[in-house]
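Inspection log for the structure reproduced underneath, given as structure tokens.
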Amino acid sequence: MRPSYIALSVINLFFLAQLNLAEAKTSLDLLELPAKQSALASKSVLMAMTPNNNAILAVGERGHIINWKSQSDWQQQQSPVSVSITSITVLSNGRKIAVGHDGVILKSAPESNTWRKVFTGAELTKLKIAQVKEQYKALQLVITNTQDEDELDELTYQLEDLAFAIEDNQLELISGPNKPLLSVTSTANDTLFATGAYGSFLTSNDQGETWSLISKRLDNPDSFHLNSVITTPDDQLYIVGENGMGFHSDNQGETWSSMALPYSGSLFGIIANPTNSAQLVAFGLQGNLMASLDGGAHWQHKKLPTSASLLGGTFSKQGKAYLVGHGGLIVDLLPEDLSTLAINKHPSGAALSSVVVQENSLILAGQFGILTWLLKQ
Numbered sequence: 004m005r006p007s008y009i010a011l012s013v014i015n016l017f018f019l020a021q022l023n024l025a026e027a028k029t030s031l032d033l034l035e036l037p038a039k040q041s042a043l044a045s046k047s048v049l050m051a052m053t054p055n056n057n058a059i060l061a062v063g064e065r066g067h068i069i070n071w072k073s074q075s076d077w078q079q080q081q082s083p084v085s086v087s088i089t090s091i092t093v094l095s096n097g098r099k100i101a102v103g104h105d106g107v108i109l110k111s112a113p114e115s116n117t118w119r120k121v122f123t124g125a126e127l128t129k130l131k132i133a134q135v136k137e138q139y140k141a142l143q144l145v146i147t148n149t150q151d152e153d154e155l156d157e158l159t160y161q162l163e164d165l166a167f168a169i170e171d172n173q174l175e176l177i178s179g180p181n182k183p184l185l186s187v188t189s190t191a192n193d194t195l196f197a198t199g200a201y202g203s204f205l206t207s208n209d210q211g212e213t214w215s216l217i218s219k220r221l222d223n224p225d226s227f228h229l230n231s232v233i234t235t236p237d238d239q240l241y242i243v244g245e246n247g248m249g250f251h252s253d254n255q256g257e258t259w260s261s262m263a264l265p266y267s268g269s270l271f272g273i274i275a276n277p278t279n280s281a282q283l284v285a286f287g288l289q290g291n292l293m294a295s296l297d298g299g300a301h302w303q304h305k306k307l308p309t310s311a312s313l314l315g316g317t318f319s320k321q322g323k324a325y326l327v328g329h330g331g332l333i334v335d336l337l338p339e340d341l342s343t344l345a346i347n348k349h350p351s352g353a354a355l356s357s358v359v360v361q362e363n364s365l366i367l368a369g370q371f372g373i374l375t376w377l378l379k380q
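Written out as structure tokens, the structure reads:
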């Protein structure tokens, strides 16, 4: 049996297990329930952040979307859902796209603090049913032209698996969506890519208004979870996920090649140096991280002296990498070779899932909302 996506995804924070259980038990459709305004929203579980002009946009549990300038200067934006939001990206025109649980995708209104739904897990399930039905018909044709008995047996088993997949997805249409989207990114020309649990992989060419399922572009026959997708300044695309899986595209996501990562555990994120796109860091379970200095062609495995998982990361404008994770873990990497410079722990001990560099401090998001960490000069 496949492990739960909660255990092996970028949102592998222990507090989210309780959150998902609460969401599952409620009789309300959280995709139809707008997020409640809360005076404590900036202290709630937050999962991802992105710079937003002179502020930071943070997203997290219960559909919370926050525009943050300081601990005393922040505003909660109007969100149409109460499911957890896991990732956010900004388009060239300033519009924002966010993804989250139950396959939801949100888009911000122009010059406004409100958001609307453009996609849900029900639509994702329908796309998956259509895709599997295509595979089923194609395999049926292959079977009719196969004479070898051993090969025929194997193809028949594959056909049965596809039939079960169709049935499972049809049942999900009845019971409601339950597969999260975990990451979203946009290229220079505003092509969008979103990844999620069980191999979900989507793209949009109209600034997020409509989405297509492109899971078949990846060599991922077991539908491993795709935890993180990023775009570099020179429009290279990278994906990492479960089972040490990694992919790279150098043609706007039309085709993808597998990366040989020296680690077989779950990877929760990947970051690229904005001043040198060839420098990459992938990170995941139990302090495992991989560094590449040549755009992912070669990787060096680095195991930190900690069992804490790494959940988020970023590069500064000066090319210095920062990673964060469970137990308040904060890791600094040298810009020259991405070797470890320092390992620190935030006094809160909070599970940290995202980090943004701001002048002489780190802005952190996670278990206790938004926190700060003063950088040593």
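Numbering (this note's numbering), first residue to last: 4 to 380. We treat Cβ as the ideally placed atom computed from N, Cα and C, and that holds for glycine.
Within-9 Å CB hit, residue i to chain B
i      : result
THR128 : Of the chains in the structure shown, none is chain B; there is only one protein chain.
Residue environment, residue i, which counts as buried when at least 16 other CB atoms sit within 10 Å
i      : result
ILE177 : exposed
ASN15  : A caution first: ASN15 carries a pLDDT of 46, below 50, which makes its placement in the model too unreliable to give a value.
LYS182 : buried
ARG65  : buried
TYR241 : buried
GLY369 : buried
GLU35  : exposed
LYS305 : buried
ALA141 : exposed
SER75  : exposed
ALA27  : For ALA27, the predicted structure reports a pLDDT of 47, less than 50, and the residue's modelled location is therefore unreliable. A value from the coordinates is still provided. The residue in question, ALA27, is exposed, as its Cβ has fewer than 16 Cβ neighbours within 10 Å.
VAL145 : exposed
THR89  : buried
GLN2   : Residue 2 is absent from the structure shown; the chain starts at 4 and stops at 380.
GLY247 : buried
SER252 : buried
TYR160 : exposed
Integer-rounded CB distance, given that residue j should sit under 8 Å from residue i
i      : j      : result
VAL121 : ILE108 : 5 Å
GLY256 : THR194 : 7 Å
ILE91  : ALA51  : 6 Å
LEU377 : ALA353 : So it is not a contact: roughly 16 Å between Cβ atoms.
LEU229 : PHE204 : 6 Å
PRO180 : LEU130 : PRO180 to LEU130, Cβ: 12 Å. No contact.
GLY103 : SER87  : 5 Å
THR188 : VAL232 : 5 Å
TYR139 : LEU165 : 5 Å
Selected residue, minimal CA-CA separation from residue i, among the options
i      : options                           : result
ASP237 : LYS46, THR213, PHE250 and GLN282  : GLN282
PHE371 : SER357, GLU362, GLN361 and ALA345 : SER357
ASN172 : TYR201, ASN254 and ASP151         : TYR201
VAL284 : GLN361, GLU154, SER342 and HIS329 : SER342
THR309 : LEU332, THR53, THR234 and VAL243  : LEU332
SER85  : SER231, LYS46 and ASP32           : ASP32
ALA275 : SER252, THR235 and GLN303         : THR235
PRO83  : LEU314, TRP77, ASP76 and ILE68    : ILE68
LEU365 : PRO54, LEU43, SER47 and GLU35     : PRO54
PRO277 : GLY298, GLN78, TRP259 and ASN291  : GLY298
SER45  : ASN57, ALA61, ASN56 and LYS39     : ALA61
ASP105 : VAL93, GLY124 and GLN79           : GLY124
ARG385 : GLY199, ILE169 and GLY211         : Residue 385 lies beyond the range of the chain shown here (4 to 380); nothing can be said about it.
Beta-carbon proximity check, residue i vs residue j, cutoff 9 Å
i      : j      : result
SER261 : GLY249 : yes
SER95  : ASN192 : yes
GLN81  : PRO37  : yes
GLY330 : ALA311 : yes
SER215 : SER226 : no
GLY63  : SER47  : yes
LEU336 : LEU326 : yes
ALA324 : GLY316 : yes
LEU313 : ASN291 : yes
GLN321 : SER280 : no
DSSP state of residue i mapped onto helix, strand, coil
i      : result
ILE242 : strand
GLY352 : coil
GLN161 : helix
ILE217 : coil
LYS39  : coil
ASP32  : coil
LEU314 : strand
VAL102 : strand
LEU377 : strand
LEU130 : helix
PHE167 : helix
HIS251 : strand
ASN363 : coil
HIS304 : strand
GLY199 : strand
VAL84  : coil
GLY369 : strand
Residue i CB to nearest heavy atom of the ligand PLP below 8 Å
i      : result
ASP156 : With respect to the ligand PLP, the structure offers nothing, as it holds no ligand at all.
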